[in-house]
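Structure first, then comments.
In this note's numbering, the protein residues as written are 28 to 170.
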């Protein structure tokens, strides 16, 4: 009898490991594909029961975590490997802020140049309705 008992225990262990592997693989594939995650979808994809999924603490925690992530997104969920990390978002923000400052500085420089050029033009008497120099084009060169 002990030999049969060992064989039954070994078969149950292999079945349990296979079932866990199917559930984990299904969960990873669904997440990679960007599919909204819930117990029903994972159970159907893995070919296991929902009650079995609820009984597996680690798998249940992963499903709940991924379900919360996909619920918080208004549009199509982004697969985990494609989600922006906090460090990446901060780096992109810093780059945008630096670029914004450069553009603001350029804008300020161009405004000063334009004001200077318009002042020179007004002082020279060009650019007004009664232009005393009809051959002038009224063009201003900015540097």
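No residue lacks a Cβ here, since even glycine has one placed at the ideal position from N, Cα and C.
**Request:** Would you kindly report the start and end of the unbroken alpha helix (DSSP H) that includes residue 134?
**Result:** 113–151
**Asked** From residue 151 to residue 128, what does the alpha carbon distance come to, in whole angstroms?
**Response** 35 angstroms
**Message:** Between which two residues does the alpha helix (DSSP H) holding residue 69 run?
**Reply:** 66–73
**Message:** If distances are taken between C-alpha atoms only, which option among 34, 42, 90 and 125 comes closest to residue 56?
**Reply:** 90
**Request:** Take residue 65 and list the residues in its own chain whose beta-carbon comes closer than 8 angstroms to its own, dropping the five residues that flank it on each side.
**Result:** 90 and 94
**Asked** Since residue 76 and residue 84 are thought to touch, with beta carbons under 8 angstroms apart, how far apart are those beta carbons, to the nearest angstrom?
**Response** Actually they are not in contact, since the Cβ atoms of residue 76 and residue 84 sit about 16 angstroms apart, beyond 8 angstroms.
**Item:** Inter-residue CB distance, residue 39 and residue 86 (contact presumed, cutoff 8 angstroms)
**Value:** About 18 angstroms; that fails the 8 angstroms criterion.
**Request:** Indicate whether residue 53 and residue 82 have their beta-carbon atoms separated by less than 8 angstroms.
**Result:** no
**Request:** Give the DSSP-derived three-state secondary structure of residue 108 in the structure shown.
**Result:** helix
**Request:** For residue 108, I'd like the list of residues in its chain whose CB is within less than 8 angstroms of its CB, leaving aside the five on either flank, ordered along the chain.
**Result:** 59
**Prompt:** Where residue 139 and residue 96 are concerned, what is the direct C-alpha to C-alpha distance, given to the nearest angstrom?
**Reply:** 49 angstroms
**Request:** Give the secondary structure of residue 83 by DSSP, where H, G and I count as helix, E and B as strand, and everything else as coil.
**Result:** coil
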